[in-house]
Structure formats: structure tokens, C-alpha cells
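Enquirer:
See below:
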């Protein structure tokens, strides 16, 4: 009997060691800093490349098989979708920061409460967004000055998209949880698979059967549903402390308060920036169908330049959160410097390449010289300033990881929203050229970077994390 007990105990210890070994791979508080950041950021980058590829493929297939009018309808989607989805994604960022900090501090009970509250929040948000998107899409598109000949297809695309928006919301919730505990590999695998599914469905439904723009949105919905399901299975089957239990999903009051406290600034920031970009899109729409299609094609290509920016911003948020939770303050500073340099360098290299190859890249989407001309004009105004965009997003990500989301919120609201809208509205009256709209982006990126850099270099929180951490109110568990 004693031998059986010893054997059982040995198996339990072995299982625990194996589980801890798996978790150590996700731990960003130990090991070589640059390797940890790169190995965490690389899967995010690869995943975003695949996601951007299948988003681009949507527009490519729609433009080639259904024409410029359909391309214009799909191309105007980004700002509206992000306005409705961005708020809830921003609030979910608050959950990711809390999860990362509690994971780094090994406060697993609080971490689990945050995880299950985050999932409950995502389910409620998905249902709400479905109703809002389906009901109010026509009204919002008319507010955006969408041309009458494009409006019916735009309404069709958006309504199909928002019927499945809960899958998009839950995918982002699940990925945020996995990345908060340092797992960026599994989301990559699932995103690759769903991207391939999306491309195949686009070719069949749009390219083969010519079902219209609604079929492109349906393909996106199905592929997002697949990736969300795979992430859910990974969380349900995980051996880590972050394993999801269906019966525990619910709103835990203290966890929800902390998620909102940390995430509300990012949610407000996302929504207001998206609203400002709707104003920008409205001005672009006023220049006609070719401008909509050309600028929409530009934004698809710009998405690739944005990839190293977002992957390093997400990596820095998680890295800072975990290491602050573990009170590894010197490690935070070293990781922050490395992440900023890498992100800005990669973004600028991509920007220079885009500036040089803009006619070829925009020409992939449309054979119309007028459409290509609009896209090239926008690239030649904005592409060389991508390093500034990288700096702003990475410093914002660092601040969120440190629990200071209000700083990027007010900075971006002031420059990316108020200044951008005021500048475009005023300047177009005196000089009604679409390049005025394009110039608003580098102007506001650079202006915000000045404020971010001053705060980043001079503020006390950067030079003394430990003292600032003691001043912060501890996160309570619910």
C-alpha cells in the first residue's frame, strides 16, 4: 500500500513539474530579454500577417471579380467596424493587463477570476454588438456620406459581418488571455488555419459563384468562428493555472471593476479614434467611388506596415505587466528600450518599401488608373512616417502594461481625434484637395509622439517603477 502511495505521489509531482515546465515557456519574467520579447512577438507578427493577408484577399477577390463598386463597399468597412468593436476590445485590454500582472505575481486565484469575468464580458458584448450592427448599419453609412450607388452593397456587407461579430469579439478575448500568460504560439496556429479557410471560401463563394459582397463577409465570419472555437478548446484543455472552466464563467464584481478601471480608457480611446476616422472616411467618400476604392486599397497595404507596430506593442504590454507583477523593474526598462528600437526600425523599413513600390502594390487591387492614383497619392504622403506611428503605439502599450492607460487615452484623443478632425475640416475649406486628408495622419502621429516622448523620458514612473508600484492600489480579487 505504501508503494502504491509513493508511486501515486511521484506521478502527481511529475505531472506538476511537467505543467510548470509548460508554464515556464510562457513566463516573460525570466530568461534573455531580447529573446523572450522576440519569441513572444514573432508568433503575433506571423499571425497578423496571415490575418492581414486574408483581409487583403477579401478586397482583392471582390475587386477583381465584382468590380470597383463592390471594392468601394468593402473598403469603407474598417472604420465603422472598429468604431463598434473597438470599445469592447479596448476594455478587454484591461483584462489582459490584469491577467498578465497576476500571472507574473503568481496570484492565480485573482487571475482565474479575471479570466472568467473577461469571457462573460465578451459574450455580453458580442450579443450587444450584433444587435447594434444589424440595426444601425444603414443609418451610420448614410452619416458617412456613402455614395448612393455603393450604399446597398455596403449595407449587405456590414450586416452579414455583424451577424457573426460575436466570433470576432470572443476570438480577441481568448487571444488576449493566451497572450497575457505568454502563449502567442497557439493563436498563430489557429489563425493560419482560419486564414486558409477564409481564402478558400472567398474563392468559392465570390470568385466561383459570384454571390456578392455578403459572401465575402460570410467567409470572414466562418473563419473567425473557427479560430475562436480552436482558442476556446485550447483554454478548456490547458493544464495551466489559466485553464477555462465553463461553470465558472460569470461576472465577479471586483474583477469586473478592475477590468473596467484598467480597460475603459483604452475602450474610450479606440471608439473615439474610430469615430474620428469615420469623419476622415466621410471626407474621402466625398471625393467619389474611385477615391474610396483607392484609399481602401492603400489601407489594406498599410495594414502590413502596422503589423510590427502592433505585435511589439502587444508584446511590450504583456512583458511590462508580467515583470511589474514579479517586481522585475530593471528588466522592464531594458525590455522597453529593445522593443521600441525594433518596432520603429521595422516599421520605417516597411514604409520606405511601400513608398517605392506603391504603384505596383495598389495596382494589385484594381486595373483602374484613377483608383491606383488615389492609393499611390496617399502612400506617398504617409508611408515615410510609419516610425512615428510605431513609437506612439509602443509607448501606449508600455503605459497600459504599467496600468497607466489614461495617459495614452488623453494623448491620442487630443491629437488623433480632435486635432485630426479640426485640421481636416478647416483645411479642406481653403484647399479642397484629398492630400489634405492624407496629411492629417503624419501630422497627428508626429504631434502625439512629442508628448509621448516627453512623458516617457521625463516622467518619474519610467525611472522608478518600484516606488510607483508601491503607490498603486493593489488589484483586489472578487
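In the working numbering, the protein residues as written are 9 to 486. Even for Gly, the Cβ is constructed at its ideal location relative to N, Cα and C.
What's the C-alpha gap between residue 451 and residue 35?
Expert: Straight-line Cα distance between these residues: approximately 39 angstroms.
Enquirer: Are the beta-carbon atoms of residue 96 and residue 233 separated by less than 8 angstroms?
Expert: No. Outside cutoff.
Enquirer: Would a C-beta distance cut-off of 8 angstroms place residue 289 and residue 98 closer than the cut-off?
Expert: Contact flag unset, no.
Enquirer: Taking 6 angstroms as the limit between beta carbons, can you name the residues of its chain near residue 328, skipping five residues before and five after?
Expert: Closer than 6 angstroms at Cβ, skipping near neighbours: 340, 406, 409 and 410.
Enquirer: For the alpha helix (DSSP H) holding residue 228, just list the boundary residues, first then last.
Expert: 221–245 is the extent of the alpha helix (DSSP H) around residue 228.
Enquirer: Using only the alpha-carbon positions, how far apart do residue 370 and residue 90 sit?
Expert: Taking the straight line from one Cα to the other gives about 23 angstroms.
Enquirer: Using 8 angstroms as the threshold, is the C-beta distance between residue 126 and residue 181 below it?
Expert: Their beta carbons are under 8 angstroms apart, which means residue 126 touches residue 181 by this criterion.
Enquirer: Pairs of beta-carbons, one from the segment 59–71 and one from the segment 199–213, closer than 8 angstroms: are there three or more?
Expert: Counting Cβ pairs under 8 angstroms, three or more are found: they touch.
Enquirer: Please report how far the alpha carbon of residue 432 lies from the alpha carbon of residue 140, in whole angstroms.
Expert: Spanning the two alpha carbons is a distance of roughly 28 angstroms.
Enquirer: Beta-carbon separation of residue 429 and residue 435 under 8 angstroms?
Expert: Not a contact, by the Cβ cut-off of 8 angstroms.
Enquirer: Is it buried or exposed for residue 336, if we count other Cβ within 10 angstroms and need 16 for buried?
Expert: It is buried - the Cβ of residue 336 has at least 16 other Cβ atoms within 10 Å.
Enquirer: So what does DSSP say about residue 6, is it helix, strand or coil?
Expert: Within the shown structure, residues of the chain are numbered from 9 to 486, placing residue 6 beyond reach of any answer.
Enquirer: What residue from 320, 104, 216 and 373 has the CA that sits closest to residue 401's CA?
Expert: It is 320.
Enquirer: Can you give, in chain order, each stretch of the beta strand (DSSP E) that sits fully within the segment 290–364 and has at least 3 residues?
Expert: DSSP runs (the beta strand (DSSP E)) wholly in the segment 290–364: none.
Enquirer: How big is the Cα-Cα spacing for residue 285 and residue 424?
Expert: Distance between the alpha carbons of residue 285 and residue 424: 9 angstroms.
Enquirer: What residues in its chain sit with their C-beta under 8 angstroms from that of residue 269, if we drop five residues either side in the sequence?
Expert: So the qualifying residues of the chain are 102.
Enquirer: Would you tell me roughly how many angstroms separate the C-alpha atoms of residue 299 and residue 279, rounded to the nearest one?
Expert: Rounded to the nearest angstrom, the two C-alpha atoms are 24 angstroms apart.
Enquirer: Roughly how many whole angstroms lie between the Cα atoms of residue 389 and residue 162?
Expert: Roughly 27 angstroms between the two C-alpha positions.
Enquirer: Could you tell me the alpha carbon to alpha carbon distance between residue 395 and residue 314, rounded to whole angstroms?
Expert: Approximately 10 angstroms, taken between the alpha carbons.
Enquirer: Would DSSP call residue 466 helix, strand or coil?
Expert: Looking at residue 466 - three-state DSSP - the assignment turns out to be helix.
Enquirer: Considering only C-alpha positions, which residue in the set 108, 218 and 152 is nearest to residue 296?
Expert: Measuring from the Cα of residue 296, the nearest candidate turns out to be 152.
Enquirer: My assumption, with CB atoms under 8 angstroms, is that residue 80 sits in contact with residue 173. Please give the rounded CB distance.
Expert: Not quite, the Cβ-Cβ distance comes to about 22 angstroms (not below 8 angstroms), so this is no contact.
Enquirer: Whether or not the segment 112–127 and the segment 191–207 are in contact is what I'm after, with contact meaning three or more pairs of Cβ atoms, one per stretch, closer than 8 angstroms; do they touch?
Expert: No contact exists between the segment 191–207 and the segment 112–127.
Enquirer: Use the C-beta contact count for residue 38: other C-beta atoms within 10 angstroms, 16 or more gives buried, fewer gives exposed.
Expert: Exposed, because fewer than 16 other Cβ atoms sit within 10 Å of the Cβ of residue 38.
Enquirer: Taking CB distances under 8 angstroms as the criterion, tell me whether residue 225 reaches chain B.
Expert: Looking at the structure shown, chain B is missing, and only one protein chain is on hand.
Enquirer: Grouping DSSP H, G and I as helix and E and B as strand, with all else coil, what is residue 189?
Expert: Coil, per DSSP.
Enquirer: Work out the CA separation of residue 194 and residue 186 for me, nearest whole Å.
Expert: Going from the Cα of residue 186 to the Cα of residue 194 covers about 8 angstroms.
Enquirer: Can you tell which of 363, 345, 154 and 175 has the C-alpha that lies nearest to the C-alpha of residue 133?
Expert: Closest by alpha carbon: 175.
Enquirer: One question on the structure: do residue 94 and residue 374 come within less than 8 angstroms of each other, judged by their Cβ atoms?
Expert: Result no, Cβ atoms of residue 94 and residue 374 do not sit closer than 8 angstroms.
Enquirer: Is residue 397 closer than 8 angstroms to residue 453 when the C-beta atoms are compared?
Expert: Against a cut-off of 8 angstroms, the Cβ pair of residue 397 and residue 453 comes out as a contact.
Enquirer: Once the 5 residues before and after residue 108 are set aside, which same chain residues still bring their CB inside 6 angstroms of it?
Expert: The answer, listed in chain order, is 188, 326, 329 and 330.
Enquirer: Residue 367 and residue 349 - do their beta-carbons sit closer together than 8 angstroms?
Expert: It is not a contact, given that the beta carbons lie outside the stated cut-off.
Enquirer: Using the three-state DSSP reduction, which class does residue 160 fall into: helix, strand or coil?
Expert: Residue 160 falls in the helix class under three-state DSSP.
Enquirer: So, with DSSP's three-state summary, where would you put residue 439?
Expert: In this structure, residue 439 counts as coil in the three-state DSSP scheme.
Enquirer: Looking at the secondary structure, which residues open and close the alpha helix (DSSP H) in which residue 388 lies?
Expert: Taken as a continuous stretch (DSSP letters only), the alpha helix (DSSP H) holding residue 388 covers 377–390.
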